[in-house]
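> Residue numbers (the working numbering), protein chains in the order written: chain A, 1 to 241; chain B, 242 to 482; chain C, 483 to 723; chain D, 724 to 964; chain E, 965 to 1205; chain F, 1206 to 1446.
Protein chains: 6
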Amino acid sequence: MSYRNSGRKPDELRDVSLSTGVNPYAEGSCQISWGHTKVLCTASVQANVPRWLKGQGKGWLTAEYGMLPRATGERVDREAVKGKQGGRTVEIQRLIGRSLRSVCDLAVLDGFTLYIDCDVLVADGGTRVASITGAYVAAALAVQDMMAKGQIARNPFVSEVAAVSCGLSEQGAILDMDYGEDSTTIADGNFVMDGRGNWIELQMTAEQRPLGHIERDTMMVLAEKGISELIALQRAALAAV
Amino acid sequence: MSYRNSGRKPDELRDVSLSTGVNPYAEGSCQISWGHTKVLCTASVQANVPRWLKGQGKGWLTAEYGMLPRATGERVDREAVKGKQGGRTVEIQRLIGRSLRSVCDLAVLDGFTLYIDCDVLVADGGTRVASITGAYVAAALAVQDMMAKGQIARNPFVSEVAAVSCGLSEQGAILDMDYGEDSTTIADGNFVMDGRGNWIELQMTAEQRPLGHIERDTMMVLAEKGISELIALQRAALAAV
Amino acid sequence: MSYRNSGRKPDELRDVSLSTGVNPYAEGSCQISWGHTKVLCTASVQANVPRWLKGQGKGWLTAEYGMLPRATGERVDREAVKGKQGGRTVEIQRLIGRSLRSVCDLAVLDGFTLYIDCDVLVADGGTRVASITGAYVAAALAVQDMMAKGQIARNPFVSEVAAVSCGLSEQGAILDMDYGEDSTTIADGNFVMDGRGNWIELQMTAEQRPLGHIERDTMMVLAEKGISELIALQRAALAAV
Amino acid sequence: MSYRNSGRKPDELRDVSLSTGVNPYAEGSCQISWGHTKVLCTASVQANVPRWLKGQGKGWLTAEYGMLPRATGERVDREAVKGKQGGRTVEIQRLIGRSLRSVCDLAVLDGFTLYIDCDVLVADGGTRVASITGAYVAAALAVQDMMAKGQIARNPFVSEVAAVSCGLSEQGAILDMDYGEDSTTIADGNFVMDGRGNWIELQMTAEQRPLGHIERDTMMVLAEKGISELIALQRAALAAV
Amino acid sequence: MSYRNSGRKPDELRDVSLSTGVNPYAEGSCQISWGHTKVLCTASVQANVPRWLKGQGKGWLTAEYGMLPRATGERVDREAVKGKQGGRTVEIQRLIGRSLRSVCDLAVLDGFTLYIDCDVLVADGGTRVASITGAYVAAALAVQDMMAKGQIARNPFVSEVAAVSCGLSEQGAILDMDYGEDSTTIADGNFVMDGRGNWIELQMTAEQRPLGHIERDTMMVLAEKGISELIALQRAALAAV
Amino acid sequence: MSYRNSGRKPDELRDVSLSTGVNPYAEGSCQISWGHTKVLCTASVQANVPRWLKGQGKGWLTAEYGMLPRATGERVDREAVKGKQGGRTVEIQRLIGRSLRSVCDLAVLDGFTLYIDCDVLVADGGTRVASITGAYVAAALAVQDMMAKGQIARNPFVSEVAAVSCGLSEQGAILDMDYGEDSTTIADGNFVMDGRGNWIELQMTAEQRPLGHIERDTMMVLAEKGISELIALQRAALAAV
């Protein structure tokens, strides 16, 4: 019997599925469904690089993140109406871009920018880790398209990248919190790893009280298990294209 | 044989389908697929009214419109990043709100605001008319929810509302342009009507040259035919819930 | 006896006068007085084109619209202070630019931009149609100046352009509403035509209830009459320079 | 013979005229023509005070300044489009408000705000001093209207206020520079005085080189002469209403 | 012999000093010097809480972060001129606020907001961890002031909070990178702990390549050592007041 | 016995000290302490000029001004958070730039921009005059650095520049008001002079009532005395480097 409302085991992911080719124009696209959370990820190829990168023999990869106003239980104001992206949005899109760049050989992309857009249609927790996981699939498809067109000589991605959240409940660490779990968690962590089992980003935050060493380490162990399962899903989705 | 690339007859709509209940949180939701164009419409109920309407015995209905950056063939900048909604966006969302209010008895909504969000996932022409047509279905579902909860006494909508575009090609007026047709059209019209066959909004614009009277009238006739078919689809979708 | 407060007949314009040369610097200028409404229109010639138009053998014409804070009965906030142009302003200035471009051969303007500014000094209804009507006169004067200086080889305007509003009162359609009429109208239309009797833009909006076909058509008939009178005034004003 | 292009004597103002009642809605209005410079000034009465002033037994007077895009020889960008008022605009409107408040007993205005708008239609130098001089007339008319309506018990203005610019040319100090004189001046001063000959604001700026004491004092003497003439014009304009 | 340019051992902090009372107005203030880095931290007490917290029996603590334009080797644009805070700034100030709140019993602060400002005068790496470390001292002084004035009944801080950065060089993990070390680091971590040895925030980012498990753990060990030394410095500084 | 709270004589400055070299990166820097007021001034050399100055054989000098949120008795909102610089800030930074340019031969700076930043750490009145006085010292050090590097052939500054405020109290004119004096002053003046005793900028403003001629002149006499003392301090500070 589980102490999670969903009946999941502490180390059990929600159902995750990756649908590719959902946008007819984008060079790569993937809609990720992760429990109720749904994120539409597109990768757009642009034949130029940011001004500050010109002449350095490198391409660029960057990401933007958005959430539809009613993706959540209560409608939130549209950022385009408020006139700026909020702090949370900016943090997340910087994390997405950084994570994908960490497994991407930018020299291979010379002359091109990969523009990743992650737009959350429904949000039930974990939108940032779903965005990273789906964005990799969209980006991988876009670079396949670039190779097919002869724009680049080889795949710039040296490994996959996926991400998961963990939390600390009264009963112990749990993998992949939904919104309900996230709102009562003692601590919160987001973890990004590559397909070779190495760490790209770890972010752990005490929400209700600081953490001891064991609590800290248990969350990392759960994350590692979850990410290895997500990498397998990414490989299957890309193999099926 | 058709002179349209799609093989459609001059007075033939693209395939239109309305999927209801696509958002688990919104009081009403509908994703409209219209050819390749896809718009996600949600209707959110808020238990308050704008400050300027307080104490007048009325509710309110308003709409916002957005387009994902890669909804189109070329990626466009995200409005939340640019820091403001563009002129085209503002025009469209004002039109959506005005159209729905024209068939809505705001006195019935007293104390509540219906917040409509239309977000374009894929854009192949006609996003504003698809938004209006889908928004009505989302709004109709939201008011059913309100009636079920006892928030309002009866349906504030006195009729359906739907919209369609027409254009003028070298060979004559055509109903429901896709993006390719829209970019070469001589003139362009967007039409909004109610379910009783009355006119809510007419907007006709000469793109390449001013129009004669007959050209003007033919476009209105086509619009009327298209809208009557869309109203039928709306009724079917709502009846199936 | 008239059912209009002003005593006007249903198809009667207010007094309209066009004063040219009111700005000593602008290449073309015209102040239009239309009932109490007063709009100052200037046309400025700039020897460049927008970046996206470069190298296409074309010039450009664009318009901006503004209203002094106390142009209206109640002072409204200054848009420069609010930090952005409102939705209504953007809609109107896009309409002005589009209307003038529809009768302008941009190839003749190659290398130049005509910048139209319409600033409302006093607003008693009809400011957008007054702006279009006055803007044409200012622009026509500016192109005369360009021809005199040898900047362009011939007049890029293939016809005049003028605009008028119509409304639907309880007693039937009326031409050229003042502010008081506009605020109680059943429906509202703005119409733009050229000097050859062709249609450039039609915009009809149901304010209180949707319109039947006859109501729709009667408003268009009144508009046509009003615009033909305005075109005559434009010709007289330009002939008198 | 004059060393000024205009033929004016060093201590001679340009022609100044004050037209009152130019706006049918504003409680007070005045268009000032000063050489080619034209500024439309309105004074709007609002039955409230800023939040920070509430409950202090005082009213408020504030001013805004704007310039039409083609008021000047070269068109400048519209501030509403740029999304903010420039530094020069903000400086000027703060000066206008401060100058009028210095002769206004705000306790008399208790509960009301006088909102002054100065919009420059044509600019040939001296727009800020023309704005102050015209704004006083508009404000004086608005307070007459308030007294007539019984909103205030007596005139809050304890004196008139007017302003003038002076410059330093190679041949010596000159009163009331036009744009051509202003663009080559050695030093530049703007002076505000009341109708009793007292100083409200002095601003002198070295443009090409710092000033000696005599140069400084001569400019102040010219200013005093010019302002006394402007006060006389204000009195005549108000007496004629 | 050290492989660090500074001659420091891998687990050696730069010189850190904490000067209290540097601002005569703030309820608490502390300038932290950390190597060349200098951050001025103030804590301001405001007798109100944010709107969304009203009536919940809690106070609030929030932080803002800024950097003088020439704090760095190359001048960077002033955020007030650019019109918004950059993504990095927002991330940092959210981290500062979150870190201090994690050791603060907000119920004790009921009715009050502690506003922390961290402004970087000179930046040689580690400005975010210096800000957190200095901010705690400023905040601790402010709550002493509040207790002395009887505004709160007891110290809301249940422990100290301090932070440090670690990096991964070619030779292994290093504690407390300066700017030169930070710009060539393989990976980068920022760590926040409390005075009882518990973890508040861990953020590790792969800059050049993903990290193995041992590399990850070594950085955490160094962080723990550095933070324990910083906590000792905080205690000494507060004891000396 | 003095009628000033501080015990100062009417013509007595507060203690002023100038610390040079306070920023390790800036080409010139100076922290000025003036009573409790503290302003950190840096001068940054950039090897380019604004676009509008290119090809004219001149360099440029410009200034920005900021105030830390808790520089004052009550915390004020951070301008970077509000999204724009306030009117007062813009006025002050324009004054600083204009004052320094008036004694600077920009032709000597050809190809370079001197970027002055004045950031107020503590504000007890007189921050604008302290900024000008400190900015000159920072700028003078930066041009020494430029000469030492051979970037410019000679010192572009033809004289020193310093500034002081004066006020009018009930007992007569006073030199160098602190915040308490400034908030009750009858009139307020800021004065900028060069090291040769010439006037660069005079700004006098009636706060409570307009000024007579003698009051006006007495304030100018006090200013002249104060500035001559400040120039001496600048010379001493620069000689000591």
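The C-beta atom is built at its ideal place from N, Cα and C for all residues, glycine as well.
Can you tell me whether DSSP reads C/ALA721 as helix, strand or coil?
Position 239 of the third sequence, counted from the first residue, corresponds to residue 721 of chain C. DSSP places C/ALA721 in helix when its eight states are reduced to three.
> Evaluate E/GLU1134 with the Cβ neighbour count: other Cβ atoms within 10 Å of its Cβ, from every protein chain shown; 16 or more gives buried, anything less gives exposed.
Taking the fifth sequence and counting its residues from 1, one reaches residue 1134 of chain E at position 170. Per the 10 Å Cβ criterion, exposed.
> Pull up the DSSP beta-bridge partners for F/ASP1393, would you.
To locate residue 1393 of chain F, count along the sixth sequence from 1; it is residue 188. DSSP, once it has assigned bridges, lists F/GLY1372 and F/THR1410 as partnering F/ASP1393.
> Could you spell out the range, first to last residue, of the beta strand (DSSP E) harbouring B/SER260?
For the purposes of this step, residue 260 of chain B is identified with residue 19 of the second sequence, where counting begins at 1. Residues 257–261.
> Give a yes or no on whether the minimum CB-CB distance between B/PRO451 and chain C is below 8 Å.
Here residue 451 of chain B refers to the residue found at position 210 of the second sequence. Chain C contact via Cβ: present.
> Considering only residues of the same chain and omitting the five flanking positions on each side of D/THR908, which have a CB-CB separation below 7 Å?
By 1-based counting over the fourth sequence, the position of residue 908 of chain D is 185. Excluding residues within five positions, the ones whose Cβ falls inside 7 Å are GLY890, LEU891, SER892, MET900 and GLU930.
> With DSSP run on the structure shown, which of helix, strand or coil describes A/ALA162?
Sequence index remark: in the first sequence, residue 162 of chain A carries index 162 (1-based). DSSP places A/ALA162 in strand when its eight states are reduced to three.
> Considering only DSSP beta bridges, list what F/THR1266 is partnered with.
Here residue 1266 of chain F refers to the residue found at position 61 of the sixth sequence. For clarity, residue 1266 of chain F is Leu in the given sequence; the question names Thr instead. The partner list for F/LEU1266 (beta bridge, DSSP) reads F/LEU1319.
> What separation, rounded to the nearest whole angstrom, lies between the Cα atoms of C/PHE594 and F/TYR1341?
Position 112 of the third sequence, counted from the start, is the residue given in the question as residue 594 of chain C. Position 136 of the sixth sequence, counted from the start, is the residue given in the question as residue 1341 of chain F. About 46 Å.
> Which of the three DSSP states, helix, strand or coil, is assigned to A/ARG177?
Here residue 177 of chain A refers to the residue found at position 177 of the first sequence. What sits at residue 177 of chain A in the sequence shown is Met, not Arg. Coil at A/MET177, not helix or strand.
> Whole alpha helix (DSSP H) runs in the region 313–363 of chain B with 4 or more residues, listed along the chain?
Listed in chain order, they are 320–323 and 328–342.
> Quick check on F/SER1249 - is its C-beta less than 8 Å from some C-beta in chain E?
The residue given as residue 1249 of chain F occupies position 44 in the sixth sequence. It does; some Cβ of chain E falls within 8 Å.
> Does the distance from the CB of B/ALA403 to the CB of B/ILE357 come in under 8 Å?
For the purposes of this step, residue 403 of chain B is taken as residue 162 along the second sequence, with counting starting at 1. For the purposes of this step, residue 357 of chain B is taken as residue 116 along the second sequence, with counting starting at 1. Result no, Cβ atoms of B/ALA403 and B/ILE357 do not sit closer than 8 Å.
> Does the Cβ-Cβ distance between A/ILE231 and A/GLU160 come in under 8 Å?
Here the question's residue 231 of chain A lines up with position 231 in the first sequence. Here the question's residue 160 of chain A lines up with position 160 in the first sequence. Yes, the pair counts as a contact, with Cβ atoms nearer than the cut-off.
> For B/ALA422 and chain A, any beta-carbon pair shorter than 8 Å?
Against the second sequence, residue 422 of chain B aligns to sequence position 181. According to the sequence shown, residue 422 of chain B is Glu rather than Ala. No, B/GLU422 does not count as interfacial toward chain A.
> Any C-beta of chain A sitting closer than 8 Å to the C-beta of B/ALA321?
Taking the first residue of the second sequence as position 1, residue 321 of chain B is located at position 80. Answer yes: the Cβ-Cβ gap between B/ALA321 and chain A drops below 8 Å somewhere.
> Since F/ASP1399 meets chain D, which of its residues come closer than 7 Å, beta carbon to beta carbon?
Within the sixth sequence, the letter at position 194 stands for residue 1399 of chain F. By Cβ distance, chain D contributes PRO933.
> What distance in whole Å lies between the Cβ atoms of D/GLY810 and F/ARG1299, which are believed to be in contact at a cut-off of 8 Å?
Numbered from 1 along the sixth sequence, position 94 holds the residue referred to as residue 1299 of chain F. Numbered from 1 along the fourth sequence, position 87 holds the residue referred to as residue 810 of chain D. Yes, they are in contact, since the Cβ atoms of F/ARG1299 and D/GLY810 sit about 6 Å apart, within 8 Å.
> 8 Å is my cut-off, CB to CB: does B/TRP293 come that close to chain C?
Position 52 of the second sequence, counted from the first residue, corresponds to residue 293 of chain B. No, because no Cβ of chain C sits closer than 8 Å to the Cβ of B/TRP293.
> Find out if the Cβ-Cβ distance for the pair A/ARG315, B/GLU305 is shorter than 8 Å.
The shown model of chain A, from 1 to 241, leaves out residue 315 of chain A, and the question about it has no answer.
> Please report whether the beta-carbon of A/TYR136 lies at a distance below 8 Å from any beta-carbon of chain B.
Counted from its first residue, the first sequence places residue 136 of chain A at position 136. Not an interface residue.
> Against chain D, does C/TYR507 count as a neighbour if the rule is that its beta carbon must be under 8 Å from one of theirs?
One-based indexing of the third sequence puts residue 507 of chain C at position 25. Chain D, which has a Cβ nearer than 8 Å to the Cβ of C/TYR507, makes this yes.
> Apart from the five residues just before and just after E/ARG1065, which ones in its own chain have a Cβ nearer than 8 Å to its Cβ?
What you label residue 1065 of chain E is simply residue 101 of the fifth sequence in a count that begins at 1. Around E/ARG1065: LEU1025.
> Identify the contact partners of B/SER343 in chain C, using a Cβ-Cβ distance below 9 Å as the criterion.
Start at 1 with the first residue of the second sequence, and residue 343 of chain B comes out as number 102. Per Cβ cutoff of 9 Å: THR687, ALA688, GLU689, GLN690, ARG691 and PRO692.
> Identify the continuous alpha helix (DSSP H) that holds C/ALA508 and give its terminal residues.
Position 26 of the third sequence, counting from 1, holds the residue named residue 508 of chain C. Where C/ALA508 is concerned, there is no enclosing alpha helix (DSSP H), given that its DSSP letter is neither H nor E.
> Grab me the residues of F/TYR1208's own chain with a C-beta within less than 6 Å of its C-beta, minus the 5 sequence neighbours each way, in chain order.
Reading the sixth sequence from its first residue, position 3 is the one you call residue 1208 of chain F. Answer for F/TYR1208: GLN1376, listed in chain order.
> Taking only the alpha-carbon atoms, compute the straight-line gap between C/LYS520 and D/LEU945 and give it to the nearest angstrom.
The residue labelled residue 520 of chain C in the question sits at position 38 within the third sequence. The residue labelled residue 945 of chain D in the question sits at position 222 within the fourth sequence. Going by the C-alpha atoms only, they are around 38 Å apart.
> Is B/LYS325 close to chain A, meaning its C-beta is less than 8 Å from at least one C-beta of that chain?
For the purposes of this step, residue 325 of chain B is identified with residue 84 of the second sequence, where counting begins at 1. It does: the Cβ of B/LYS325 has a partner Cβ on chain A nearer than 8 Å.
> Would F/ILE1297 be called buried (16 or more neighbouring beta carbons within 10 Å of its own) or exposed?
One-based indexing of the sixth sequence puts residue 1297 of chain F at position 92. It is buried - the Cβ of F/ILE1297 has at least 16 other Cβ atoms within 10 Å.
> Using a Cβ cut-off of 7 Å, which residues of the region 835–867 of chain D contact any Cβ in chain C, in chain order?
Those would be TYR838, ASP840, ASP842, LEU844 and VAL845, in chain order.
> Per the DSSP calculation, F/GLY1331 is bridged to which residue(s)?
As a first step, residue 1331 of chain F is located in the sixth sequence; it is residue number 126 there, counting from the start. Answer is none; F/GLY1331 lacks a bridge partner.
> Whose C-alpha, out of F/GLY1339, F/VAL1313 and F/GLY1212, is nearest the C-alpha of F/MET1352?
Locating residue 1352 of chain F in the sixth sequence gives position 147, where the first residue counts as 1. Ranking F/GLY1339, F/VAL1313 and F/GLY1212 by Cα distance to F/MET1352 puts F/VAL1313 first.
> Taking the C-alpha atoms as reference points, what is the distance between B/SER274 and C/GLY608?
Locating residue 274 of chain B in the second sequence gives position 33, counting from the first residue. Locating residue 608 of chain C in the third sequence gives position 126, counting from the first residue. Their Cα atoms are separated by approximately 39 Å.
> Could you check if F/TRP1265 belongs to the surroundings of the ligand MG, using beta carbon to heavy atom distance under 7 Å?
Inclusion of the ligand MG in the displayed structure is not the case, the ligand content being empty and no account of it being possible.
> Mind pulling the chain D residues with CB within less than 8 Å of F/GLU1296?
As a working mapping, residue 1296 of chain F is identified with position 91 in the sixth sequence. What F/GLU1296 touches in chain D: GLY810, VAL813, GLU814 and ARG817.
> State the DSSP-derived secondary structure class of A/ILE231, mapped to helix, strand or coil.
What you label residue 231 of chain A is simply residue 231 of the first sequence in a count that begins at 1. In this structure, A/ILE231 counts as helix in the three-state DSSP scheme.
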